[in-house]
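Residue 235 in full-length UniProt numbering sits at position 235 of the sequence shown, and the numbers go up by one each step. The C-beta atom is built at its ideal place from N, Cα and C for all residues, glycine as well. The structure appears right after this line, and notes come after that.
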Amino acid sequence: MGSRPPDFAPADNPASDSDSCLTRTLSFLYLPAFNFLLLLCPQWLSFDWSMEAIPLITSLLDLRNVFSLVFYCGLGQMVFYSVRGVNVSTSDHTATTTSNGYLKDDCKVSKRKSHRPLNGMTNNHQHHSEVISSSVSDSCFKGHVDALMVALAILILPFIPATNLFFYVGFVVAERVLYVPSMGFCLLIALGVRHLHQTVIRKKLFLTALGFVIIIMCLRTLRRNADWQTEENLYRSGIPINPPKAYGNLANILSAQGKKEEAEWAYKKALSYRSNMADVHYNLGILLQEQKRYDEALQSYRLAIQFRPRMAMAHLNLGLVLGILSRKEEAAEVYRHCSQLDGTGLKDPRTHETTKISALFNLGRLFADDGKYEAAITVYKEATLKMPLYYQPQSLYNMLGEAYFKLEKYEEAEQWYKEALRVKPDHIPAHLTYGKMLARQNRTKEAEKWFTRAKLLAPNDSSVFQHYGQFLAEIDRHVEAAEHYVRAAQLSPDEYEIVFNAANTLRQAGHNEEAEKYYQNAVRIRPHEATSHMNLGAMLHVNGKLLEAEASYLEALRLKPEDAITNNNLNKLRNLLVKKGLRTDSPQPHNWWSLHFFHSFFASPLSIIMK
């Protein structure tokens, strides 16, 4: 906080944002009383009391004002009694006695019997008199007052900064600020229990009731401990107090656990209570984007921006989704606008500035994907000039190198690749792109050195083995290439491109049976991809599984009826079936493409599409 008041959103402390002096005054006066109620009866506990968890007091007729009045009267009486007690304890007559030997302040004191002669007479008829020890009564009363003063000091003084008396604070009620005051509260309870124990007649009943209260409080503590065991339990426990905040946080936890449907429901439930929560709209947008529900994600990001126009992350993700939907002009406008957002007064300026540079990074990538490498370089360099010192620039430098590489400006590309590796020596993408550039320049040994380094740094990164395998295949080291692609496919078994190319390199290496298995995996990943079925059919054809090959060719033609290569392969296969006696008659051509290739199926080799 430093020397200036804290910055916070109006929802964190709604009373501070109220235009009515009466509302602010009554609400702020009620909050200490409510905090005392939490100490006295901790039935309602929550991790967050912001927003409308405690409605504002807008009228003198609100019944909560009565509770505030009772609280301050009781507190004032205790303070008055303590101050008065300090003054009284300094006087000569600190207490008077009662007939049973007790002080008015209920401190029990000792009696002593004195056998003294009266009026100087010393006969055998001595008079016995009972005298209260003045020192004991003084000490007892003074100790009682001191304990009360200490209890009130510990209860009140640490809580004063949270009362909004000197400056507005960024919370309504925060149970954490009651940690120290609770010690003073416990002292007050102890003093009250001692007083009651000394004055009540039915002490056993009193002790029984006290024990029951202690057990209830212990059980409440155990229950609250269970709430704090997991974040999910904690947020569920806060639903009755602050439903919008609790549902929003619960949705984040459910999303992280992979419970997407429950998370979506929780996000929408939070918005049903408070529709202007930009963070919830943004998080819902991320959830929808992960599910490839891009149109719905766009709507959520736009709502987040509507309620918080300077929310840079929402602008950035909006641009990303627009890019995915090929609405590139709109995406470019969003990225540019995001890069120009003002971050003055924001809670997290570092993240805001980092996001602005990320917007330029993605704008450059958008241009690069369209082949506009000069424009991409201009944007990337703008980002390097604007980036703050804490920004991690290795990806930006690597993309600059990639853009120069595409323009065949190899010296500039190498410079930026080396710069990326200088700022982050273990940056894997720079290893791979630098290796690819060196391979393009026929600097094969240097290229392989960088691929090998990448493999040592990231032994479980499938992209490393994929690019290394591609490099090995290009220099005709097919057996090694197949080994690397197989390792990549093991690390990412659901990545179609990796699995498909693993099958291709295995075929090139002569491992046909294993290639067949990976083509089958490719079909499993993309069952509606005609190329997958065609290549599987070709591999089955080569492996002599002719009927299975025919089924794969037919499925490929169902998905892409006029594919010339598939028709060619199918015709070759059917003629082979006739030759082997597995077909009694040559079938009719599948379509006009088959007629073209029917008479020359022996003239050309079996075709397999490579990717």
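Query, Result
"Assuming the contact rule is C-beta atoms closer than 8 angstroms, V464 and A458 should be a hit. Round their C-beta distance to whole Å, please.", "5 angstroms"
"Beta-carbon within less than 8 angstroms of H427's beta-carbon, same chain only, minus the 5 sequence neighbours each way: which residues are those?", "Q394, S395, N398, A420 and L421"
"Which of helix, strand or coil does DSSP assign to S16?", "helix"
"Exposed or buried, what is Q441 when buried is set at 16 or more other beta-carbons lying within 10 Å of its beta-carbon?", "exposed"
"Please report how far the alpha carbon of G319 lies from the alpha carbon of L366, in whole angstroms.", "10 angstroms"
"Under the three-state reduction of DSSP, which class applies to M183: helix, strand or coil?", "helix"
"Based on Cα-Cα distance, which residue from G544, N512, N543 and K560 lies nearest to H533?", "K560"
"Would Q289 and A297 be called neighbours here (beta carbons separated by less than 8 angstroms)?", "yes"
"Among L325, E382 and G345, which one has its Cα closest to the Cα of R336?", "E382"
"Return the chain-ordered list of same chain residues with a C-beta closer than 7 angstroms to the C-beta of S82, the five sequence neighbours on each side being excluded.", "V145, L148, M149 and L152"
"Just to confirm my understanding: we take A359, look at its own chain, exclude 5 residues before and 5 after, and list those with CB closer than 6 angstroms. What are they?", "L316, Y335, C338 and S339"
"What's the C-alpha gap between F166 and F71?", "21 angstroms"
"For E408, which three-state DSSP category applies?", "coil"
"If L582 and A549 are in contact, beta carbons under 8 angstroms, what's the gap, nearest whole angstrom?", "No, L582 and A549 are not in contact; Cβ-Cβ is about 12 angstroms, not under 8 angstroms."
"Let me check understanding here. Comparing Cα to Cα, which of K445, D476, R487 and E480 lies closest to D461?", "R487"
"Whole angstroms are fine: how far does the CA of Y391 sit from the CA of L506?", "42 angstroms"
"Among E514, L547 and N567, which one has its Cα closest to the Cα of T531?", "N567"
"Tell me which residues share the same chain as N164 and place their Cβ nearer than 6 angstroms to its Cβ, disregarding the 5 neighbours each side in the sequence.", "F28"
"Among G510, L456 and R453, whose alpha-carbon lies nearest the alpha-carbon of E480?", "G510"
"Going by the CB atoms, is the gap between T355 and A312 shorter than 8 angstroms?", "yes"
"How long is the line joining the alpha carbons of N362 and A368, rounded to whole angstroms?", "10 angstroms"
"Should P117 be labelled buried (16 or more other beta-carbon atoms within 10 Å of its own) or exposed?", "No answer about P117 holds up, because its pLDDT of 41 lies below 50 and its placement is not dependable."
"Contact between the segment 41-60 and the segment 183-198: three or more CB pairs below 8 angstroms?", "no"
"Give every residue of the same chain whose Cβ lies closer than 7 angstroms to the Cβ of P181, excluding the five residues on either side of it in the sequence, and list them in chain order.", "I154, L155, P158 and F159"
"If you follow the alpha helix (DSSP H) that Q43 is part of, which residue opens it and which one closes it?", "Segment: none, Q43 is in no alpha helix (DSSP H) and carries neither H nor E."
"My output table needs one value for Q229: the three-state DSSP class, helix, strand or coil.", "coil"
"Would A209 be called buried (16 or more neighbouring beta carbons within 10 Å of its own) or exposed?", "exposed"
"Inspect the CB distances between the segment 61-70 and the segment 237-245 and report whether three or more fall short of 8 angstroms.", "no"
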